[in-house]
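Undergrad: Residue numbers (this note's numbering): 280 to 398.
Just so it is clear, CB atoms sit at the ideal spot from N, CA and C, and this is done for glycine as well.
Only a predicted model underlies this, so the values are computations on that prediction, with no experimental measurement involved.
If you want it as structure tokens, here you go:
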């Protein structure tokens, strides 16, 4: 069994103004109507700011059977992944969280080997 989770914060940030006093974020936060706040300085976030949440569960099992001449194997697996995103840049706080998107995955493997006697 394998259980994992991931939370990642993703954004762009002004790091160097190359001698300018500020950067104008023309395509920034659509909810921000104040033109003064579109002037971004070093350390300010621009363009996007979201947090991604991922939860993953996976498990697998394998069975084998063998005799002197025949061996078989069966392997089965399943995974479930849930994604969700919180957009802190283009949505109001009450609308920032996306709907959850869930995906399931399946795996199977079957094999057999027969040892034919050579005379």
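Here's a check: name, in chain order, each residue in its chain whose Cβ is nearer than 6 angstroms to the Cβ of residue 356, leaving out the five neighbours to either side.
TA: 339, 386
Undergrad: Three-state secondary structure (DSSP) at residue 345?
TA: strand
Undergrad: Does the beta-carbon of residue 325 have 16 or more other beta-carbons within 10 angstroms, so that it is buried, or is it exposed?
TA: buried
Undergrad: So the candidates are 316, 346, 320, 370; which of them puts its Cα closest to the Cα of residue 395?
TA: 346
Undergrad: Excluding the five sequence neighbours on either side, which residues of its own chain have a C-beta within less than 8 angstroms of the C-beta of residue 301, listed in chain order?
TA: Correct list, in chain order: 318, 319, 320.
Undergrad: Residue 323 and residue 352 - do their beta-carbons sit closer together than 7 angstroms?
TA: No, the pair does not count as a contact, with Cβ atoms beyond the cut-off.
Undergrad: Of all the options 333, 367, 282, which has the alpha carbon lying nearest to the alpha carbon of residue 291?
TA: 367
Undergrad: Against chain D, does residue 340 count as a neighbour if the rule is that its beta carbon must be under 7 angstroms from one of theirs?
TA: Chain labels in this structure do not include chain D; a single protein chain is all it has.
Undergrad: Where residue 384 and residue 329 are concerned, what is the direct C-alpha to C-alpha distance, given to the nearest angstrom?
TA: 26 angstroms
Undergrad: Under a three-way DSSP split, which group does residue 351 fall into?
TA: strand
Undergrad: Does residue 316 come out as helix, strand or coil in the three-state DSSP assignment?
TA: helix
Undergrad: Identify every residue that forms a DSSP beta bridge with residue 363.
TA: 332
Undergrad: When you compare the CB positions of residue 365 and residue 381, do they come within less than 7 angstroms of one another, or not?
TA: no
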